[in-house]
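Oh and the sequence shown: position 3 is 1139 in the numbering used here, straight run, nothing missing.
For every residue, glycine included, the Cβ atom is placed at its ideal position computed from N, Cα and C.
The model shown is predicted, which means the values in this text are computed figures rather than measured ones.
What follows is a short report on a single structure.
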Amino acid sequence: MSTMDQFDMKILSQLQNDSKRTAEQIGDDIGLSGAAVQKRLKRLRTSGVIKSEVAVLDPNKLDRSMIMIVEVTLDRENQQLLDTFKQRMRESSRVQQCYYTTGDADFVLIIVVKDIAEYEQFTRDYFFGTPEVSKFHTSVVMDPVKVGLSIPLEI
């Protein structure tokens, strides 16, 4: 993608905070026409800068209020085990985020479940009885102080 300018950065800043805003509303705020914003949005989507636009749901209202942060260590690192574990995490609806990391753990997971029983079942399905998982350590989130996926943009 060609270099992004300040207008692109302003559009992205507004869009990542409220994706329901119309091109006209964004244009009014940054000094462009709605058509110009629409053209830029199309380019940003096509080039992959905007990966997706999703609805952020309230887990409390959906009876999914337990958040677990799990560090997973694999028995040994080889490409096949890594790929298998990554694919299993991508396929699980309970895994909200999965990061392959450096440090003591190989992966850090953010998991959203209804209750401890559902988490226990998740551990049985994905950690116990799978040869690639050596150990895991779970922290239960008491208060999600800040949750977001916004990227700080230099404008």
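Close Cβ partners of K1197 (< 6 Å) along its chain, the five nearest in sequence each way excluded = none
Proximity winner among V1248, Y1235 and S1169, relative to L1193 (alpha-carbon distances) | V1248
Please report the residue range of the alpha helix (DSSP H) in which V1173 lies.
-> G1170 to T1182
Between which two residues does the alpha helix (DSSP H) carrying E1160 extend?
-> A1159 to I1166
Residue span of the alpha helix (DSSP H) that contains L1151, given as start and end = First-last of the alpha helix (DSSP H) with L1151: Q1142 to N1153.
Check the C-beta distance from T1209 over to D1251 and give it rounded, since I have them as a contact under 8 Å.
-> With 8 Å as the limit, T1209 and D1251 do not qualify as a contact, their Cβ atoms being about 25 Å apart.
Would you kindly report the start and end of the unbroken alpha helix (DSSP H) that includes K1222?
-> Q1215 to E1227
What is the DSSP secondary structure of K1271, counted as helix, strand or coil?
-> strand
List the residues that DSSP assigns as beta-bridge partners of L1245.
-> V1206 and C1234
Do the CB positions of Q1233 and L1245 come within less than 8 Å of each other?
-> For Q1233 and L1245, yes; Cβs fall inside 8 Å.
Within the chosen definition, does the stretch 1140–1151 reach the stretch 1172–1182 through at least 3 CB pairs nearer than 8 Å?
-> yes
I1162 burial status per 10 Å Cβ neighbour count (16 or more: buried) | buried
How far does the alpha helix (DSSP H) with F1258 in it reach, from first residue to last?
-> I1252 to Y1262 is the span of the alpha helix (DSSP H), which, as asked, contains F1258.
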